[in-house]
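Working notes, beginning with the structure itself.
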Amino acid sequence: MNIILTGFMGTGKSAVGRKLAKRLDMEYLDTDELIEEREGSKIYHIFEEKGECYFRKVESAMVREVSRLDRYVISTGGGVVLKDENIKALRRNGFIICLTANPEVILKRTEKTGDRPLLNEPDPGKRIKELLRMRQAYYEKVDFSVDTSDLGMEEVIRKIEEVLRKKNESCSYRPGGA
Ligand code: S3P
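Residue numbers (this note's numbering): 6 to 183.
Here it is, written out as C-alpha cells:
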C-alpha cells in the first residue's frame, strides 16, 4: 500500500513526504520531480511553453504509472485532485492524505520560491483564496486531512502516524478472532 500526500501548494507535501518515508522505512517519490526529470524541463517552463492542459495530461499519465508501485510515500502536485481518474488510480493502492493550510500561511510559504506558475500573478494572495475556494470540494474527497498552518513538521508526521496506526488496527481486527 502507498501513502499519498496531496493538498494545495505550500502545504508541505514534499518536505513531510520525504521525512515520513524515512520514518516508515518506505520509498519516496514526488510526481512533479519525476515529471521534470522526464520532460527535461521545470514545471514552470512546461506551463509557459506547453500550457496547463499539456501538464495535466502528463501529470495523469504519471499518476497512472506511480499508482502501480507499492510501499511508496508519494507527494503529488496540488492540482492532482482535480481529475477524478487521478484520485481513483491513487486510491486503488493508496491511502490519500491532504495537507491543508490557511491562505495567509500559503502565501508566506509560496512567495519565498516564486516558482508556482499558477501564483505568478500581481495579487497572489487573492489568487490563492480563489483557487482554494474552487478546489475545496476536491480536497475533501481524501481519506484524511491535516491542517499544517500552526504545526511543525514533527507534529504533522505524528498525526499521520497516528491515523495510519488506527487504520492498521482496524484492518487487522477480526470479529470472533477469525
Ligand atoms: C499545481 C501545484 C504544483 C505543480 C503545478 C500545479 C497546482 O505543485 O504541480 O505548479 O495546480 O496546484 P506543488 O503543489 O507541489 O507546488
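Just so it is clear, CB atoms sit at the ideal spot from N, CA and C, and this is done for glycine as well. None of the values given here were measured: they were computed from a predicted structure.
Using the beta-carbon count (16 or more within 10 Å), is Lys18 buried or exposed? Here the question's residue 18 lines up with position 13 in the sequence shown. By the 10 Å Cβ count, Lys18 comes out buried.
Hey, could you find the ends of the beta strand (DSSP E) Leu136 is sitting in? Locating residue 136 in the sequence shown gives position 131, counting from the first residue. Run containing Leu136: none in the beta strand (DSSP E); it sits in the alpha helix (DSSP H), 129 to 144.
Since Val110 and Ser154 should fall inside the 8 Å C-beta cutoff, what is the C-beta to C-beta distance between them, to a whole number of angstroms? Residue mapping note: residue 110 aligns to position 105 of the sequence shown, counting from 1. Residue mapping note: residue 154 aligns to position 149 of the sequence shown, counting from 1. Sure, about 5 Å apart at Cβ, within 8 Å.
Measure the CB-CB distance between Thr115 and Thr81 and report whether it falls below 7 Å. What you label residue 115 is simply residue 110 of the sequence shown in a count that begins at 1. What you label residue 81 is simply residue 76 of the sequence shown in a count that begins at 1. No.
Between which two residues does the alpha helix (DSSP H) containing Glu32 stretch? Here residue 32 is taken as the residue at index 27 of the sequence shown, counted from 1. No alpha helix (DSSP H) contains Glu32, which is instead part of the beta strand (DSSP E) from 32 to 35.
Quick one: what does DSSP say Asn7 is sitting in, helix, strand or coil? Residue 7 sits at position 2 when you count from the first residue of the sequence shown. Strand, per DSSP.
Who are the near neighbours of Gly130 in its chain, counting only those whose CB is closer than 6 Å to its CB and skipping five residues on each side? Here residue 130 refers to the residue found at position 125 of the sequence shown. Within the same chain, Gly130 has close Cβ partners Leu112.
Could you have a look at Phe149 and say whether DSSP puts it in helix, strand or coil? Taking the first residue of the sequence shown as position 1, residue 149 is located at position 144. It is a strand residue.
DSSP state of Thr81 mapped onto helix, strand, coil: Taking the sequence shown and counting its residues from 1, the one referred to as residue 81 is at position 76. Coil at Thr81, not helix or strand.
Helix, strand or coil: how does DSSP classify Gly22 here? Taking the sequence shown and counting its residues from 1, one reaches residue 22 at position 17. Taken through DSSP and simplified to helix, strand or coil, Gly22 comes out as helix.
Can you give me the start and stop residues for the beta strand (DSSP E) that Phe100 sits inside? The residue given as residue 100 occupies position 95 in the sequence shown. From DSSP, the beta strand (DSSP E) with Phe100 extends over 99 to 105.
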